[in-house]
Amino acid sequence: MASRFETLPHRRAIIDRRVIADALAALDTTDAASMRRGATKLLADALAEGRAEIARRLIEHPSRGLEAAAAMAFLIDQIIRLLYDFTTERLYPKSNATTSERLTLIAVGGYGRGEMAPFSDVDIGFLTPWKQTGWSEQVIESMLYALWDLGLKIGHSSRSLDEMVRQAKGDMTIRTALLEARYVWGDTDLYDEASRRFKAEVQAGTARQFIADKLAERNERHRKMGDSRYVVEPNIKEGKGGLRDLHTLFWMGKYAYNVRSVAELVEAGLLTRIEYRQFHRAENFLWAVRCHLHSIAGRAEDRLTFDVQREIAERMRYADRAGASRVERFMRHYFLQAKTVGDLTGVFMAHLDESFAARGRRFGLPLMRRAPRNLNGFVLDRGRLALPSDDWFARDPVRLIEMFALADKHELEVHPLAMRVAARDAKLADDIRTDARANALFLDVLTSPRNPEAALRGMNEAGVFGRFVPDFGRVVAQMQFDMYHHYTVDEHSIRAIGLLARIERGELAEDHPLAAGILKRIVSRRVLYVAVLLHDIAKGRGGDHSVLGAEVAQRLCPRLGMTAAETETVAWLVRCHLLMSATAFKRDLSDFKTILDFAEIVQSPERLRLLLALTVVDIRAVGPGVWNSWKRQLLTDLYEAAEEVLRLGHKQRGRGERIATKQEALATALGWPAERFKALVARLPEPYWVAEPDDVLERNARLIAAAGQAPLSIEAQVYPERGATLVTLFAADHPGLFYRAAGAIHVAGGNIIDARIHTTRDGMALDNFLVQDPFGRPFDRPEQLERLKTAIEDSLANRGKLNERLHAKPLSRTRAEAFQIAPVVLIDNQASNRFTVIEVNARDGPALLNRLALALFQSKVTIHSAHVATYGERAVDTFYLTDLLGDKISSTQRLKSIERRLLGAAANEGEWARAA
């Protein structure tokens, strides 16, 4: 490990140990307390100056990650050596040393490897030959207090040699830490004895178990971190493809072969020289990013969040390019390095597996029950699909696709060494793009009824996918710099295929009952799979990715052997893949013109079925927590209404008949006397009956009955069918009621996901809000429900100024501030026959809906319904409005005035910032 420090340039500019040692020696020895303070001051100054020098070098050479990590470990080494010498020579000198009063200080963990980020923990161990003596206890205690006084975060242990051996045998964490133990200072003979005993008594004969345990530990860590190396806010240390994966490879190699450095893994036959260079490049890049991350955060931080990605991209001197910002280019480089780590892991494990093959089954994988008979020349190697020769792909490049088709067909794992050869020969796929057999095999993989996701991911990992379909290659490792998308574009698309296959197999019928049902009725199965694969393929090209993606589909589908009709349908699906979600989440589905306009674009029941399935898997594959029961309900409502129009024509059953059906169902559910029910029906306008589902109609009816003549009645109850809390407000209608209620819900900690606003024929407001907490869950505890009701009551009664309470409410979505989103207001007088529809796109933030509703109140318009959709940091709030007389707003001047107010409220600038 000393060699790593020996390559550090200008080490004395980081810290000059001799100069500081002289200064420590010159301290006055008459007063021990003042001597300690003086020593602490000298060491603290040296530590601060050393850190500043390392930070300066990192800014000057932002890509030298390993150098920065080694420099930090070197600095800590010198500080500890100086402190050890000062403590043992000045504070607690040994007058008559015995063999038991020996002490050695070792670095363990990352510090033991000689790699530290600016705020990494300092993991040290004190070793004694036998039980600690009084002298060694004094030295250890004094050193630890001094290190804490220096502001270092210390992880420490004190063990005798026997304790070290016993604890390392019994605890895998301790064993791993000691595996990387490095001598720092103290008795060298004692260190040599500890090293010899660890190898002989702990390490010998236990390599296989150690490797199995490390793999299990790695798999559990990946599961906790999202089990994908393509998460757009990755954990650079613990995440899949991060530093810990590289460390795990080295640990396994070191434990099994006693290598001292990564370079020696080449001599052990575990990596080739090219793979070692890839390992070194990935490690250097990841360390550079981690050091910048610590430096920016001013603390130990390993999550690469949106708010720091931009700054690190600037520090590392990435530049904007056409179609990709500097931060997107930086993150693409990160994901490609993470992919390299994954590739190296597979190859490394294959070599280890071969080495330990004679000792039992391979690591973590079951044995094959029976071997498939026909593998077209491919062979099996211990249950994995392997190659008979190194030139297998060169002799017939179509085998690059065939390998993954066979692996899927026979449910086999591809041997990592076969993956290595496929990656090496991936460029041969350029020559088979127009080959009919290759395209047919690719389509078989894509539309497989088994596990197309695994086959496509393997093809992508090997680099074959992007070569065979160059348009897909353009989105490999491409991130989208927003809070909505959790994965890179290629990972999102492959996950969507996997979800579609799982729904088709019936595995997700409980989550997606409608989609699971209609997939059985879909005629154009392969059209759907190709459309799901291609729906985002044109992202990052600088234009509308839906339109550009449709052009890609028109070029690619004939190559895959699809008919003209299939090609046209795929292109339509790609072009319109956002239509259904935009309509369901941003428009009023009770307005019949919304349904008619949507059905006019869709045109056929088969296209409607295809579009629903595509929409479901697209949303679900965005990331965990994005899909919820509310979205499922809205999409179901839109599908059923549009399907009825397409089946029966525009007249369908007629508005009056639909309302009568709902009223009959409600009458049955309530069981009221006829006169009482008739009085309720007389109070409620026709649009109300169309807008609300049956269960809400019943809840509202019971609230109205319970309210009697009270001027205000509020009900908050969990609505499990939609994954939210239904808050119903029944009060004497007056201007400003909606914005006050919206503000009060925010003050109570709620997030409004939808709102229906009605006015009864006798002048009462009946407003239904769907509310979730900041984590997308319903308010379900009694105290939460009571807090919602109390906040609304206080706001409507003007008890306490709402603006002041909103201002005092802490920001709940500070991550959104990492994004610059210019607000946009879209006004549409064609979307509805009765209302002016205004859509506001803005950065999501506290009380946004309250500010927009206040702006509309000040504009003297009536809000009839509000629809709230959020896409990460972006909010899209849509309002259905009329003027105070109930007519559409047609005056251009007035619409311009409304637009100006809404833009100001959305940006939260000027008077809005002061008000809120």
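If you're matching positions, the sequence shown starts at 9 in the working numbering and goes up one per residue. Just so it is clear, CB atoms sit at the ideal spot from N, CA and C, and this is done for glycine as well.
Which same chain residues end up closer than 7 Å to residue i when comparing Cβ atoms and leaving out the 5 residues on each side of it in sequence?
i           : result
residue 299 : 66, 73, 76, 77, 125 and 126
residue 176 : 182, 183, 186, 206 and 210
residue 47  : 32, 35 and 94
residue 866 : 909
residue 588 : 619, 620, 623, 643 and 646
residue 276 : 261, 265 and 267
Tell me whether residue i sits in a helix, a strand or coil according to DSSP, three-state version.
i           : result
residue 282 : helix
residue 517 : coil
residue 872 : strand
residue 718 : coil
residue 785 : coil
residue 468 : helix
residue 772 : strand
residue 627 : helix
residue 382 : coil
residue 835 : strand
residue 28  : helix
residue 637 : helix
residue 163 : strand
residue 877 : strand
residue 511 : helix
residue 388 : strand
Once you ignore the five residues that flank residue i on each side, which residues in its own chain have a CB closer than 6 Å to its CB?
i           : result
residue 916 : none
residue 839 : 845
residue 913 : 859, 860, 863 and 920
residue 749 : 737 and 800
residue 723 : 711 and 736
residue 777 : 735, 760 and 763
residue 484 : 474 and 498
residue 512 : 527
Comparing C-alpha positions only, which one of the options sits nearest to residue i?
i           : options               : result
residue 250 : 266, 270 and 229      : 229
residue 623 : 702, 536 and 677      : 536
residue 645 : 599, 70, 627 and 577  : 599
residue 334 : 592, 348, 317 and 122 : 317
residue 326 : 357, 342 and 875      : 342
residue 123 : 80, 770 and 156       : 80
residue 798 : 751, 771, 782 and 842 : 751
residue 879 : 563, 118, 429 and 634 : 634
residue 449 : 770, 89, 567 and 802  : 567
residue 519 : 638, 530, 471 and 194 : 638
residue 37  : 99, 91, 52 and 893    : 99
residue 718 : 783, 304 and 741      : 741
residue 745 : 71, 775, 832 and 756  : 775
residue 856 : 773, 747 and 903      : 747
residue 22  : 43, 85, 71 and 852    : 85
Please return the same chain residues whose Cβ sits closer than 8 Å to the Cβ of residue i, not counting the five positions on each side in sequence.
i           : result
residue 281 : 274
residue 24  : none
residue 459 : 416, 419, 506 and 509
residue 95  : 147, 150, 151 and 154
residue 693 : 766, 767, 768 and 769
residue 709 : 674, 678 and 688
residue 40  : 99
- Task: Pick out the complete beta strand (DSSP E) segments inside the stretch 59-144, 3 residues or longer, and give them in chain order.
- Result: 112-115 and 130-136
- Report the residue ranges of all alpha helix (DSSP H) runs contained in full by the stretch 173-222; include only those spanning at least 4 residues, in chain order. 180-187 and 196-205
- Item | Three-pair Cβ contact test at 8 Å for the stretch 246-263 versus the stretch 285-297 | yes
- Message: Does the structure place the stretch 205-216 close enough to the stretch 276-293 that three or more beta carbon pairs sit under 8 Å?
- Response: no
- Message: Across the stretch 646-657 and the stretch 611-622, are there enough close Cβ pairs to call them in contact, namely three or more that are closer than 8 Å?
- Response: yes
- Query: Between the stretch 455-472 and the stretch 591-606, do three or more beta carbon pairs fall short of 8 Å?
  - Reply: no
- Is the number of C-beta pairs between the stretch 102-118 and the stretch 56-70 that are closer than 8 Å three or more? no
- Query: Can you find at least 3 beta carbon pairs, one from the stretch 135-144 and one from the stretch 309-325, that sit closer than 8 Å?
  - Reply: no
- Query: Does the stretch 390-398 come close enough to the stretch 418-434 that 3 or more CB-CB pairs lie under 8 Å?
  - Reply: yes
- Query: Do three or more CB pairs link the stretch 185-204 to the stretch 151-160 at distances below 8 Å?
  - Reply: no
- Message: Quick check: the stretch 427-435 against the stretch 400-411, are at least 3 beta-carbon pairs closer than 8 Å?
- Response: yes
- Message: Quick check on the DSSP output: what are the complete alpha helix (DSSP H) runs of length 4 or more inside the stretch 713-760, in order along the chain?
- Response: 745-755
- In chain order, which beta strand (DSSP E) runs of at least 3 residues are fully inside the stretch 305-342? none
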